[in-house]
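Following: one structure in structure tokens, then a few remarks.
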Amino acid sequence: MKKTVLILFALLLVCALGMTAFAADTRPVVRVGEGSGIKLDGVREDCYGEPVEVAKAGVAHNADFPLTTATLSVAWEGNTLYYYIEVRDTTPNAVSPNFWEVDGVEFVVDLLDTRALTYPGDNTVARFAILTGVDDTNAYFLFPYMLDHVTADQIDWYFTPQDEWEGRGGYVLECSFESPVDLEDGAVMGFDVQIYDDQSGEGHRDSQTYLEDTSDTFHYCPANLGARLVLGNGEIVSDGEDAEETDDRVVIQTGYGEAVLDGEKDVCYGETVKIEKAGVSHNADCPLTTADISFSWAGDKIWAYAAVADTTPNAVSGNFWQCDGLELLYDLLDTRANTYPSDSSVARFAVLPENTPDSPYASNYFLATASEEQIRYFYKRTADGYVLEVEFTVPESVSGKLQGGASVGFDAQIYDDQFGNGNRDSQTFFGNTEDIIGQYPAVFGGKLILAQAPADAEPSPAEPETPAEPTYTYPASGESGNALVGTVIGNETGWGGNADAGAAAAFDGNPATFFDPLGQGDGYCGMDFGRKVVLDKVVILSRADWNARFKGAEIRGNNEDNVDTAVTLWKSDVEGTNPDYFVITDFENNDGYRYYFYYNTANHGDVAEVEFYGTDAPAEDEAPAPETPAEPETPAEPETPAEPETSPNTFDFGVIAAVAAVISLAGAAAAKKKH
Numbered sequence: 013m014k015k016t017v018l019i020l021f022a023l024l025l026v027c028a029l030g031m032t033a034f035a036a037d038t039r040p041v042v043r044v045g046e047g048s049g050i051k052l053d054g055v056r057e058d059c060y061g062e063p064v065e066v067a068k069a070g071v072a073h074n075a076d077f078p079l080t081t082a083t084l085s086v087a088w089e090g091n092t093l094y095y096y097i098e099v100r101d102t103t104p105n106a107v108s109p110n111f112w113e114v115d116g117v118e119f120v121v122d123l124l125d126t127r128a129l130t131y132p133g134d135n136t137v138a139r140f141a142i143l144t145g146v147d148d149t150n151a152y153f154l155f156p157y158m159l160d161h162v163t164a165d166q167i168d169w170y171f172t173p174q175d176e177w178e179g180r181g182g183y184v185l186e187c188s189f190e191s192p193v194d195l196e197d198g199a200v201m202g203f204d205v206q207i208y209d210d211q212s213g214e215g216h217r218d219s220q221t222y223l224e225d226t227s228d229t230f231h232y233c234p235a236n237l238g239a240r241l242v243l244g245n246g247e248i249v250s251d252g253e254d255a256e257e258t259d260d261r262v263v264i265q266t267g268y269g270e271a272v273l274d275g276e277k278d279v280c281y282g283e284t285v286k287i288e289k290a291g292v293s294h295n296a297d298c299p300l301t302t303a304d305i306s307f308s309w310a311g312d313k314i315w316a317y318a319a320v321a322d323t324t325p326n327a328v329s330g331n332f333w334q335c336d337g338l339e340l341l342y343d344l345l346d347t348r349a350n351t352y353p354s355d356s357s358v359a360r361f362a363v364l365p366e367n368t369p370d371s372p373y374a375s376n377y378f379l380a381t382a383s384e385e386q387i388r389y390f391y392k393r394t395a396d397g398y399v400l401e402v403e404f405t406v407p408e409s410v411s412g413k414l415q416g417g418a419s420v421g422f423d424a425q426i427y428d429d430q431f432g433n434g435n436r437d438s439q440t441f442f443g444n445t446e447d448i449i450g451q452y453p454a455v456f457g458g459k460l461i462l463a464q465a466p467a468d469a470e471p472s473p474a475e476p477e478t479p480a481e482p483t484y485t486y487p488a489s490g491e492s493g494n495a496l497v498g499t500v501i502g503n504e505t506g507w508g509g510n511a512d513a514g515a516a517a518a519f520d521g522n523p524a525t526f527f528d529p530l531g532q533g534d535g536y537c538g539m540d541f542g543r544k545v546v547l548d549k550v551v552i553l554s555r556a557d558w559n560a561r562f563k564g565a566e567i568r569g570n571n572e573d574n575v576d577t578a579v580t581l582w583k584s585d586v587e588g589t590n591p592d593y594f595v596i597t598d599f600e601n602n603d604g605y606r607y608y609f610y611y612n613t614a615n616h617g618d619v620a621e622v623e624f625y626g627t628d629a630p631a632e633d634e635a636p637a638p639e640t641p642a643e644p645e646t647p648a649e650p651e652t653p654a655e656p657e658t659s660p661n662t663f664d665f666g667v668i669a670a671v672a673a674v675i676s677l678a679g680a681a682a683a684k685k686k687h
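For the sequence shown, the residue numbers in the working numbering are 13 to 687.
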């Protein structure tokens, strides 16, 4: 599954306030006035609440770019909030004479004060930005990217630049937001605001000034909104002492010691837990997978051993493991942050099996805060699923900080592609489904307690075991009949000069290898049987995931090694059937030939396996030579006639060495290209 696009279903669920224990509320309060008849004209009505300064904190994305400042006040009427903000900007745009060009303000409000750890999906958190335009006659536009959980018809605004304002430049922005929920006197709402300043003239937010909290620069977490709006006469909750947070994560005891990546569960692994608590089916009627998972650690490495039970084959390939996989998430220093920290102390990555069972790969798309060099793995199929064993090397920023007894935040997801479309049709989670894309260590559902290292032993690296080479026997299909074995003919190399994709790959008994022609109609594979044979059947396995290239395939025969003058015995008018073998028993012109070819001029013509079955052709009748009178000779003693040779009726599948020698390309004819 190496698709450029791999589709992410971001079903973001509400994390209710009661599900997370927050410390006592110390957020600063912005008082909201109640008014009527407010006009968006750049004039601040008396009904606006107390003004507050937006100057407390910020991020300068480019060096030496100063932060802007502003004064903000808020009013409300019915279900509408009004914002009046005066922005002081001392940094002209480097390209435009308009200092305010492509500057702007972003507003975020958590209408029900959910303090969720990510955006809820019911429109109770609103986020939108208004940015100035390119001239003062059309001097503003709504930044579409920032219309999260908000539609344009909920927002109106007024903008006016101030060229000389207390000796400095700036602008006034007055806007209204129509809330989708009813606003009542005394209500409390989470709130934050950012001021964007484009100083380089490149359309960037070269600096961002926040009303309060800079820890969530993209406002993905209402839990981080740094202030409260209090409507009208609402009471302000006392700050009080910090409340004690509870930790209800599932505890997993790791083992200690280095594991060998071989798909076998080493004794160093700790306790086993189930991944089956919760999940999301992105397509109806897709059952969730389950898994047993356990961990070990030593030095700067963590090992995970996951035995996944999957009973739902891929609808296209038939391989239940194809495009499935496991995502692992580690909060290595147990930060419990509300978003990914920037110091690589949180790692997130996925390992997905590829299109062939022996070649898994780490999906680059999921290597968030981890690199490919940090990840090693071993994958193997089982009777009811697969085993995935993963080694993760922690980054230098964490190396040496992992100690016995320490806790590591943890979560895991199992992906199951059931419709063969490369999607995660279902996801099973170890812990928390409220964070289905693994963005927030604060909601990781488990914690690993690292086992203590033995006091009297230093862990030594285990010697990796070399997996035994699989033995393949030609023919591989298991079809009955007289299998014909000859000398391979055709291309010595395949597409791109690949020696492993030459003609011999079609006769090696290995369904995972394949003959790959040099181009459409450019190259063939076949056998020279050294005598004329008549076909009973031909069994073909098309190349995995390239069944379309089977259409137009031909079986040709000739009494010389020349595919161009060969007679066509059969031609495919359908696509291939991999992983099932295609059996052909109906031929034309099946008169007996020495050379047989698999060839395709209609498509590229890849093929995994070709098997010929048949018998020797009947001996041809020879015309008698003319007799010459000769002197009569004394009759010789009659000789006992030799036993006639008979063609074999069966193929000895056990004589692998002999078959390998026969089908070797050492004696093959030179490769032939069709031009």
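By construction, the Cβ of each residue, glycine as well, lies at the ideal position given by its N, Cα and C atoms.
Would you tell me roughly how many angstroms separate the C-alpha atoms of residue i and residue j, rounded to the nearest one?
i	j	result
Y608	G569	5 Å
P523	E621	6 Å
G181	V64	20 Å
H216	P104	14 Å
E214	V205	22 Å
E758	E283	Within the shown structure, residues of the chain are numbered from 13 to 687, placing residue 758 beyond reach of any answer.
L25	D618	A caution first: L25 carries a pLDDT of 28, below 50, which makes its placement in the model too unreliable to give a value.
A382	V200	40 Å
T92	L223	21 Å
T163	L364	38 Å
V279	N236	43 Å
D585	E491	23 Å
V121	G202	6 Å
A488	A518	11 Å
A418	I207	41 Å
So if DSSP puts residue i in a beta bridge, which residue, or which two residues, is it bridged to?
i	result
T627	V546
N570	Y607
F456	Looking at the DSSP assignment, F456 forms no beta bridge with any residue, so it has no partner.
A3	Here the chain has residues from 13 to 687 only, and residue 3 is not among them.
D534	G531
V586	According to DSSP, V586 bridges with nothing at all.
S212	Per DSSP, none; premise fails for S212.
A565	N612
L409	Going by the sequence as given, residue 409 is Ser instead of Leu. Looking at the DSSP assignment, S409 forms no beta bridge with any residue, so it has no partner.
G502	C537
M201	L241
T144	Y152
Check residue i in the structure and name its three-state DSSP category.
i	result
P656	Note that P656 has pLDDT 42, beneath the 50 cutoff, so the model's placement of it is unreliable and no number is given.
P173	strand
D423	strand
W558	coil
W112	coil
E621	strand
A418	coil
G45	strand
Q386	helix
G509	helix
D160	strand
Y398	strand
A474	Confidence at A474 is low in this model, with a pLDDT of 49, below 50, so its placement is unreliable and no value can be given for it.
D165	helix
F404	strand
Please report the Cβ distance between residue i and residue j, rounded to the nearest whole angstrom; I am assuming they are in contact, meaning their Cβ atoms lie under 8 Å.
i	j	result
A495	E623	6 Å
L530	N503	7 Å
A271	E401	7 Å
R360	G421	Their Cβ separation, rounded to whole angstroms, is 11 Å, which puts R360 and G421 out of contact at 8 Å.
F441	Q425	5 Å
D346	D336	The pair is not a contact, with the Cβ atoms about 29 Å apart (cut-off 8 Å).
Check whether the Cβ of residue i sits closer than 7 Å to any heavy atom of the ligand ATP, and report yes or no.
i	result
F599	Absent from the structure shown: the ligand ATP. Ligands present: none.
Tell me which residue opens and which closes the beta strand (DSSP E) that residue i is part of.
i	result
K286	285 to 287
E98	92 to 100
I50	Neither: I50 is in no beta strand (DSSP E) and is coded neither H nor E.
E339	337 to 343
F594	594 to 596
T83	81 to 89
T221	219 to 222
R360	358 to 364
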